[in-house]
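Numbering (UniProt numbering), first residue to last: 1 to 74.
For glycine and all other residues, C-beta sits at the position ideal for the given N, C-alpha and C.
As the structure is a computational prediction, the values presented were derived from the model and not from experiment.
Quick notes on the structure that follows.
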């Protein structure tokens, strides 16, 4: 099981590390608006304008982030 925090990116105000264009990532200290609980057979997909918090529990769960350009689906 894993617990991921979620928040709309436009509501993130406390910058921890500025956006890194080469890695396509930024870090914030804001608290998530809510948590998403994922069991081992679940997965989650997120759009670009959202932010997710790292795991909220200690877990042996391995994560993979796959970024797909949205135009692919149009």
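Length of the line joining the Cα atoms of residue i and residue j
{"i": "residue 29", "j": "residue 43", "result": "24 Å"}
{"i": "residue 27", "j": "residue 15", "result": "6 Å"}
{"i": "residue 38", "j": "residue 1", "result": "6 Å"}
{"i": "residue 6", "j": "residue 25", "result": "15 Å"}
Closest residue to residue i among the options (Cα-Cα distance)
{"i": "residue 13", "options": "59, 60, 64, 51", "result": "51"}
{"i": "residue 48", "options": "9, 5, 4, 1", "result": "9"}
{"i": "residue 46", "options": "60, 68, 22", "result": "68"}
{"i": "residue 60", "options": "40, 66, 53", "result": "40"}
{"i": "residue 11", "options": "66, 31, 58", "result": "31"}
{"i": "residue 65", "options": "18, 17, 23", "result": "23"}
Host beta strand (DSSP E) of residue i (start-end)
{"i": "residue 17", "result": "15 to 20"}
{"i": "residue 7", "result": "2 to 8"}
{"i": "residue 35", "result": "34 to 38"}
{"i": "residue 28", "result": "25 to 28"}
{"i": "residue 51", "result": "50 to 53"}
CB contact flag (residue i, residue j, <8 Å)
{"i": "residue 33", "j": "residue 3", "result": "no"}
CB contact check: residue i to chain C, cutoff 8 Å
{"i": "residue 19", "result": "Checking the listed chains, one finds no chain C in this structure; it contains a single protein chain."}
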